[in-house]
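Worksheet: the structure to be examined is printed underneath.
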Amino acid sequence: MFKRNAIACALACAFLTPALAHADDQADLKQLRDDFNAMKAQYEARIKALEAKVQENEQATQKAAAAAESANQKADQVATAPASSGGGSDNPNAFNPAVSLILSGTYTNRSNASQYHITGFQAAGEVAPDSRGFNLGESELGIYSNVDPYFYGGLNLSLTGDNTLSVEEAFLQTTALPNDFTLKFGRFYSGIGYQNSRHSHTWDFVDQPLAYRAFLGNQFADDGVQLKWLAPTDLFLQLGVEAGRGRIAGTTGRDKNGSNAGSIFGHVGGDIGISSSWRAGLSYLQVSPENRMSNDVNAAGADVTNSFTGNSKIAIADLVYKWAPNGNPVDQNFKFQSEFLHRSEDGLLNADSYSSSQSGWYTQGVYQFMKGWRTGLRYDRLNSGSVNYGLNTSGLAFNGYNPKRISWMLDYSTSEFARIRLQLARDESSQTKADNQVLIQYQMSLGAHGAHAY
0 MFKRNAIACA
10 LACAFLTPAL
20 AHADDQADLK
30 QLRDDFNAMK
40 AQYEARIKAL
50 EAKVQENEQA
60 TQKAAAAAES
70 ANQKADQVAT
80 APASSGGGSD
90 NPNAFNPAVS
100 LILSGTYTNR
110 SNASQYHITG
120 FQAAGEVAPD
130 SRGFNLGESE
140 LGIYSNVDPY
150 FYGGLNLSLT
160 GDNTLSVEEA
170 FLQTTALPND
180 FTLKFGRFYS
190 GIGYQNSRHS
200 HTWDFVDQPL
210 AYRAFLGNQF
220 ADDGVQLKWL
230 APTDLFLQLG
240 VEAGRGRIAG
250 TTGRDKNGSN
260 AGSIFGHVGG
270 DIGISSSWRA
280 GLSYLQVSPE
290 NRMSNDVNAA
300 GADVTNSFTG
310 NSKIAIADLV
320 YKWAPNGNPV
330 DQNFKFQSEF
340 LHRSEDGLLN
350 ADSYSSSQSG
360 WYTQGVYQFM
370 KGWRTGLRYD
380 RLNSGSVNYG
390 LNTSGLAFNG
400 YNPKRISWML
410 DYSTSEFARI
420 RLQLARDESS
430 QTKADNQVLI
440 QYQMSLGAHG
450 AHAY
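Take the sequence shown: its position 400, counting from 1, is numbered 399 in numbering that gives the first Met the number 0, and each next residue is one higher.
So, in structure tokens, the structure goes:
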């Protein structure tokens, strides 16, 4: 409360003392007293108004805090309620599965129509770009929901233009383990690196970096189990381990007891002021592919298909930096992303001994310069390293070629559910002939779709 008496005394000293010194008669003194009383009444009225305003603001703050707490409690109830319960009377559909459908397609113009391969690399899986002309691309059907207060589940189906239906992910994940642990089991994208765990509709470019194509068969999803731990610290720190069947680069994994693949990864990150944030990570994957098929060209220039069975070890370092003015990315933002991958292998290639130690990296930047509009530049490069073909040397001569590619893209999003993208690239994956590419892509999202990871 304000000290009215102190204010009144101060005003009296300020106005009466000089006035009394110069007052000649009783009338002047009375006039001064009347003026003082009027000023005092005016100041007291202002003080009362200020006190009422302070009290009003305090009540509004308390109401807002109570409303926020109520909203948090309702959100917790929705997050932990059983999916089969059908919801409460307020929202009978609250706990039904969230269903989303991603529709995408491309038009591809390529100057090199020959069979796609990456010179000097045993790259298997879905590594080739889309064929020339119009392509339906990959559509994704996702179904996600809480099972009960303890489990969350998801299914993601991929429908490709050649009428192939495949299961990208089908997993269950715990939601109530103590000490910030999370257990996931089923089929899922591995947590190694940065780009690997992201579905294709979240990529900033039409296709994956060359290093992902060469070493992971475009993307690594496995059948197995994953355990992650999130440290209870202000600095983001996450550690994870995985064990799985080993379904890498188009293989189905070996028919054997136990695990055929294992990985470990760690990610750390934080904020830089209110406008920037970062994340860095290290990952290691060891897998034993069997009959991994890859396209190549022999010494005579003819297309061949190689088969590898053996051990593959892949190390990844990743770094991501994001900027948005005052942390608001709606109108303007920037994202820098880079990864380095190294793969060493030993085993049998076409039934003869084979070993290699090779690496690759990419760096990209994407800038949203106004609402809905983004542009980006990406540079890929592979290092041929050292390769020993054994008895295959006569047919698959190692020449030390280092594939590379540069890509530029421009895309426009009419909303968070629809995007159209133009991408130009010069792909020098093949030593024999560079491939100049023009790609036009559309992506549309229907139904419920959760927020994407950092």
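Here a beta-carbon is modelled for each residue, glycine too, at the ideal position from N, C-alpha and C.
Are residue i and residue j close, meaning C-beta to C-beta below 8 angstroms?
i: R131; j: N162; result: no
i: S189; j: A220; result: yes
i: T118; j: S428; result: yes
i: R197; j: E168; result: no
i: L390; j: A298; result: no
i: Y353; j: Y388; result: yes
i: G124; j: A248; result: yes
i: Q363; j: G375; result: yes
i: N294; j: L348; result: no
i: S489; j: S157; result: Residue coverage of the chain in this structure runs from 0 to 453, which leaves residue 489 outside it and unanswerable.
i: S262; j: E289; result: no
i: R291; j: T250; result: yes
i: Q237; j: H266; result: yes
i: G384; j: F214; result: no
i: Y193; j: I439; result: no
Starting from the Cα of residue i, find the closest Cα among the options and give me that residue.
i: P128; options: K432, S343, G249, N111; result: N111
i: T413; options: M369, R377, N398; result: M369
i: G326; options: F416, N95, S275; result: S275
i: D426; options: K432, I439, R404; result: R404
i: Q121; options: V296, S406, G449; result: V296
i: R212; options: D330, G272, P177, L381; result: L381
i: N134; options: T159, Q114, V126, L154; result: T159
i: P402; options: N178, L154, H116; result: H116
i: Y441; options: L215, S199, T431; result: S199
i: Q331; options: A350, W372, D233; result: W372
i: V98; options: Y193, G152, A51; result: G152
i: A433; options: L49, Q54, S113; result: S113
Since residue i is in the beta strand (DSSP E), which residue starts that stretch and which ends it?
i: Y378; result: 372-387
i: E344; result: 332-348
i: G95; result: Residue identity check: residue 95 is Asn in the sequence provided, not Gly. Looking at the DSSP string, N95 is not in any beta strand (DSSP E), and its letter there is neither H nor E.
i: T181; result: 180-188
i: Y366; result: 351-369
i: D168; result: Checking the sequence shown, residue 168 turns out to be Glu, not Asp. Here the beta strand (DSSP E) through E168 covers 164-173.
i: T413; result: 403-414
i: N327; result: Note, N327: premise wrong, no beta strand (DSSP E); not H, not E.
i: A417; result: 417-427
i: G449; result: Per DSSP, G449 belongs to no beta strand (DSSP E) and is neither H nor E.
i: L154; result: 150-158
i: S144; result: 138-147
i: D233; result: That residue, D233, is in no beta strand (DSSP E); it is neither H nor E in DSSP.
For the alpha helix (DSSP H) holding residue i, just list the boundary residues, first then last.
i: F214; result: 209-215
Below 6 angstroms CB to CB, which residues in the same chain sit around residue i once its five sequence neighbours on both sides are set aside?
i: L445; result: L100
i: K334; result: K321, V365
i: L102; result: S138, M443
i: L318; result: A279, S337
i: Q207; result: N217
i: D203; result: V365, G375
i: A316; result: L281, F339
i: L140; result: L100, L156
i: D270; result: S276
i: M38; result: none
i: G449; result: none
i: W407; result: L376, L423
i: A417; result: M443
Once the 5 residues before and after residue i are set aside, which same chain residues still bring their CB inside 8 angstroms of it?
i: A452; result: S196, R197
i: D222; result: G185, R186, G243, R244, R246, G252
i: A22; result: Unreliable placement is indicated for A22, whose pLDDT of 47 sits below 50; no coordinate value is reported for it.
Apart from the five residues just before and just after residue i, which ones in its own chain have a Cβ nearer than 7 angstroms to its Cβ?
i: T454; result: Given that the chain is displayed from residue 0 to residue 453, the structure contains no residue 454 and the question cannot be resolved.
i: V437; result: N108, L423
At 3 residues or longer, and completely inside the region 241-306: list those beta strand (DSSP E) runs for me, N to C.
260-271, 275-286, 291-296
In chain order, which continuous runs of the alpha helix (DSSP H) of length 4 or greater are located wholly inside the region 110-134?
none
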